[in-house]
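In the working numbering, the protein residues as written are 10 to 487.
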Amino acid sequence: MRKDCKQVWENCLSFIKDNISDKKLFETWFKPLEPLKLEEDVLTLKVPSMFFYEFIEENYIDVLKASIRKELGHNARLMYSVVLDTGIKNTGGNSVLPSNNITATQNYAQNVPVNLDAQSRDLPNPFVIPGIRKVKVNSQLNENYSFDNFVEGSCNQLARSAGYAVAQNPGKTAFNPLFIHGAVGLGKTHLLHAIGLETKRRYPEKTVLYISAEQFFQQFVDSTKNNTRNDFLQFYQMMIDVLIIDDIQFFANKTGTQEVFFQIFNGLHAANKQLIITSDKSPADLSGLEQRVISRLKWGLSAEMQMPDAQTRMQIIEKKLFKDGITMPQDVIEYLAYNINSSVRELEGALISLIARSSIAKQEITLDLAKDMIDKFVRSNNKEISIEYIQKVVCDYFKIPIETMLSKTRKGEVVAARHISMFLSRKHTQSSLATIGNKCGNKDHATVLHACRSVQNSYDTDKQFKTNLEAIEKRITE
Ligand code: ADP
Ligand code: MG
Numbered sequence: 010m011r012k013d014c015k016q017v018w019e020n021c022l023s024f025i026k027d028n029i030s031d032k033k034l035f036e037t038w039f040k041p042l043e044p045l046k047l048e049e050d051v052l053t054l055k056v057p058s059m060f061f062y063e064f065i066e067e068n069y070i071d072v073l074k075a076s077i078r079k080e081l082g083h084n085a086r087l088m089y090s091v092v093l094d095t096g097i098k099n100t101g102g103n104s105v106l107p108s109n110n111i112t113a114t115q116n117y118a119q120n121v122p123v124n125l126d127a128q129s130r131d132l133p134n135p136f137v138i139p140g141i142r143k144v145k146v147n148s149q150l151n152e153n154y155s156f157d158n159f160v161e162g163s164c165n166q167l168a169r170s171a172g173y174a175v176a177q178n179p180g181k182t183a184f185n186p187l188f189i190h191g192a193v194g195l196g197k198t199h200l201l202h203a204i205g206l207e208t209k210r211r212y213p214e215k216t217v218l219y220i221s222a223e224q225f226f227q228q229f230v231d232s233t234k235n236n237t238r239n240d241f242l243q244f245y246q247m248m249i250d251v252l253i254i255d256d257i258q259f260f261a262n263k264t265g266t267q268e269v270f271f272q273i274f275n276g277l278h279a280a281n282k283q284l285i286i287t288s289d290k291s292p293a294d295l296s297g298l299e300q301r302v303i304s305r306l307k308w309g310l311s312a313e314m315q316m317p318d319a320q321t322r323m324q325i326i327e328k329k330l331f332k333d334g335i336t337m338p339q340d341v342i343e344y345l346a347y348n349i350n351s352s353v354r355e356l357e358g359a360l361i362s363l364i365a366r367s368s369i370a371k372q373e374i375t376l377d378l379a380k381d382m383i384d385k386f387v388r389s390n391n392k393e394i395s396i397e398y399i400q401k402v403v404c405d406y407f408k409i410p411i412e413t414m415l416s417k418t419r420k421g422e423v424v425a426a427r428h429i430s431m432f433l434s435r436k437h438t439q440s441s442l443a444t445i446g447n448k449c450g451n452k453d454h455a456t457v458l459h460a461c462r463s464v465q466n467s468y469d470t471d472k473q474f475k476t477n478l479e480a481i482e483k484r485i486t487e
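Right, dumping it as structure tokens:
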């Protein structure tokens with residue numbers, strides 16, 4: 010039986026009226042609403058302005074929810090259609106807003122006007138009626154990317170601590186803008202979310218917006234098409250306290266977007282609002298961006314993120330496993346950490362594949378399974394064995410801590426391990442003698458050369474040594 014939209018709303022109103030003590034308020038806030046349509050348990054109400062929408066959502070949503078559920082059952086949903094004031098330029102048409110509160114699964118996402126024309130794009134729409142300051146903007150922050158889940162290492166220390174400082178005092182530190190750059194998959198986006206979340210935690214009243222440069226570009230293009238560029242500008246300049254733009258290299262050669270970004274940047278910066286920006290290139294290497302834009306990026310702090318070292322990679326794996334409640338043998342964790350040195354994203358990818366494979370094959374996660382998978386997963390695009398991994402295997406073989414090998418100790422066994430590490434690094438990596446020396450306790454290239462000769466010599470003359478060396482080499486290469 011189809012329910013009549015008007016009748017449903019009448020019933021809702023009488024319920025609401027009974028439940029609101031001040032009848033005058035009821036007249037003020039509910040009389041002006043009109044039922045527009047009812048489709049599959051979704052009731053759409055016409056509201057006269059954004060202010061109405063906000064006020065109702067903030068003050069009367071509970072009673073409104075109860076009334077609609079009573080009429081339509083538990084799956085009921087509510088949408089608002091805001092008919093924008095005709096006195097405002099360029100906003101033509103309605104905006105439909107889902108009620109933020111009426112379904113259990115609703116996320117916070119669309120508590121901003123959603124342009125009907127832009128349904129296909131899952132973007133928060135920036136257009137806001139001037140004069141209404143208190144609009145909830147969907148921050149687009151991902152709770153999983155928190156500081157708690159972010160492993161700190163020397164590779165990301167500057168960016169992380171500057172980001173943390175910014176979150177404690179947005180707009181008030183010298184780090185404005187905070188510009189973070191580094192290769193793909195090293196944790197830039199994660200850090201941005203962490204900064205945004207921490208800011209929201211400290212300052213719930215501040216409006217934080219995370220947006221990819223690509224989304225920003227699309228919004229800008231839409232605003233040009235729809236003749237709403239002023240609203241777009243106004244949104245960014247008036248509503249946002251902390252603006253986070255990810256992957257700004259996307260702006261390359263997009264002059265219109267750069268122009269508008271430049272304006273927004275200046276407006277926000279002058280108002281002591283915080284800007285946090287990332288790129289996969291350093292400011293010096295950002296091609297296709299106007300000089301004046303690049304110079305803005307350099308106003309605050311520019312921090313580079315690098316590939317985490319093997320120890321940090323191990324911590325990252327351990328953290329992910331812990332979070333997912335998965336255990337894995339230590340040698341497997343080490344193997345992954347030492348062998349995947351291209352990016353954290355790849356490391357995660359390998360970890361996920363390994364877990365998936367073991368559960369599909371109902372096999373335990375073992376070093377052999379890991380090796381087998383890594384061969385297919387990594388070796389194809391990253392043939393090089395790392396110096397760190399060689400050192401690890403050698404130290405395991407001699408049962409000495411890596412730190413000892415990297416120290417200045419001259420004990421026979423330690424020296425042997427050090428020499429063998431250098432020899433195998435030279436044989437199995439493309440690294441220069443200087444690099445090998447550097448990573449092997451800060452030795453110079455002559456020391457490395459000497460070590461290699463001495464190992465070769467023992468190999469040629471000492472049978473036992475030969476057997477040992479071959480055993481180690483097998484562990485490294487198999
Ligand atoms: P980028 O934006 O630099 O390309 P991402 O932030 O998307 O990199 O990171 C890729 C993946 O690696 C994400 O899943 C992220 O959680 C993870 N990751 C990167 N760095 C760290 C870190 N230091 N601690 C924990 N996870 C990290
Ligand atoms: Mg990213």
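For glycine and all other residues, C-beta sits at the position ideal for the given N, C-alpha and C.
None of these values were measured; they are calculated from a predicted model.
Legend entry - Residues of its chain near Asp-131, where Cβ-Cβ distance is below 6 Å and the 5 sequence neighbours each way are ignored: At Asp-131, the pLDDT of 37 sits below 50, so the modelled position is not reliable; the number obtained from the coordinates is stated separately. Once the five neighbours on either side are set aside, Asp-131 has no close Cβ partner at all.
Inset, instruction - Specify the secondary structure class of Tyr-406 as computed by DSSP and reduced to three states. - result: helix
Legend entry - Three-state secondary structure (DSSP) of Val-137: Bear in mind that the predicted position of Val-137 carries a pLDDT of just 41, short of 50, making it unreliable; the figure below should be weighed with that in mind. Coil, per DSSP.
Legend entry - Nearest-angstrom Cα separation, counted from Gln-246 out to Ala-280: 9 Å
Inset, instruction - For the ligand ADP, list every residue whose C-beta falls under 5 Å from any of its heavy atoms, going in chain order. - result: Phe-159, Val-160, Val-193, Gly-194, Leu-195, Gly-196, Lys-197, Thr-198, His-199, Ile-325, Val-353 and Arg-354
Legend entry - C-beta contact flag for Val-353 and Ile-481 at 7 Å: no
Inset, instruction - Could you work out which residue in Gln-320, Met-314, Thr-287 and Thr-321 is closest to Lys-307 when comparing CA atoms only? - result: Thr-287
Inset, instruction - Check each candidate in Val-302, Asp-294 and Leu-295 and name the one with the smallest Cα separation from Phe-274. - result: Val-302
Legend entry - Among Asn-20, Ile-189 and Arg-211, the one whose alpha carbon lies nearest that of Leu-201: Ile-189
Legend entry - Beta-carbon gap between Tyr-212 and Leu-150 smaller than 7 Å: no
Inset, instruction - Can you check DSSP and say which residues form a bridge with Thr-53? - result: Lys-46 and Met-88
Inset, instruction - With DSSP collapsed to three states, give me the class of Arg-169. - result: helix
Inset, instruction - Give the straight-line distance between the Cα atoms of Asn-185 and Tyr-173, rounded to the nearest whole angstrom. - result: 13 Å
Inset, instruction - Thinking Ala-426 and Ile-445 are a contact (beta carbons under 8 Å), I'd like their distance in whole angstroms, please. - result: Actually they are not in contact, since the Cβ atoms of Ala-426 and Ile-445 sit about 14 Å apart, beyond 8 Å.
Inset, instruction - Since I believe Phe-229 is in contact with Phe-241 (beta carbons under 8 Å), could you give me their beta-carbon distance rounded to a whole number of angstroms? - result: 6 Å
Legend entry - Given Leu-310 as reference, the closest of Met-337, Ile-285 and Ile-325 once Cα atoms are compared: Ile-285
Inset, instruction - Would you mind sorting Lys-452 into buried or exposed? The rule is 16 or more other CB atoms within 10 Å of its CB. - result: buried
Inset, instruction - Have a look at Gln-300, Cys-14, Tyr-69 and Pro-44 and flag the residue whose alpha-carbon is nearest the alpha-carbon of Asn-28. - result: Tyr-69
Inset, instruction - Taking all protein chains shown into account, decide if Thr-208 is buried (16 or more other Cβ within 10 angstroms of its Cβ) or exposed. - result: buried
Inset, instruction - Kindly give me the distance between the Cβ atoms of Val-251 and Gln-272, rounded to whole angstroms, as I take these residues to be in contact under 8 Å. - result: Going by Cβ atoms, the distance from Val-251 to Gln-272 rounds to 18 Å, so no, they are not a contact pair.
Legend entry - From Lys-79, Pro-338, Ser-416 and Gly-276, residue whose alpha carbon lies closest to that of Ile-25: Lys-79
Legend entry - Closer than 7 Å to chain B by CB, Gly-446: Absent from the structure: chain B. Only one protein chain is present.
Inset, instruction - Please classify Lys-197: is it buried, with 16 or more other beta-carbons within 10 angstroms of its beta-carbon, or exposed? - result: buried
Inset, instruction - Give me the Cα-Cα distance between Glu-299 and Asn-235, rounded to the nearest whole angstrom. - result: 26 Å
Legend entry - Those residues which DSSP pairs with Phe-24 across a bridge: Its beta-bridge partners do not exist; DSSP assigns none.
Legend entry - Ser-30 to Ser-90 span [Cα, whole Å]: 27 Å
Legend entry - Helix, strand or coil at Glu-482 [DSSP, three-state]: helix
Inset, instruction - Flag this pair as touching only if the stretch 371-380 and the stretch 334-348 have three or more C-beta atom pairs under 8 Å; answer yes or no. - result: yes
Legend entry - Stretch pair the stretch 353-370 + the stretch 322-338: three plus CB contacts closer than 8 Å: yes
Legend entry - Three-state class that DSSP yields for His-428 in the structure shown: helix
Legend entry - Spatial neighbours of Glu-223 in its chain, beta-carbon cut-off 6 Å, leaving aside the 5 residues before and after: Phe-259
Inset, instruction - For Glu-487, name the three-state secondary structure that DSSP assigns. - result: coil
Inset, instruction - Look at the alpha carbon of Asn-120 and the alpha carbon of Glu-67, and state the distance between them as a whole number of angstroms. - result: Residue confidence is low: Asn-120 scores 33 on pLDDT, short of 50, so the model does not pin down where it sits. Its coordinate-derived value is still stated next. For Asn-120 and Glu-67, the distance between alpha carbons rounds to 11 Å.
Legend entry - Counterpart residues of Tyr-219 in DSSP-defined beta bridges: Ile-253
Legend entry - Local Cβ density within 10 Å of Cys-164, reported as buried at 16 or more and exposed below that: buried
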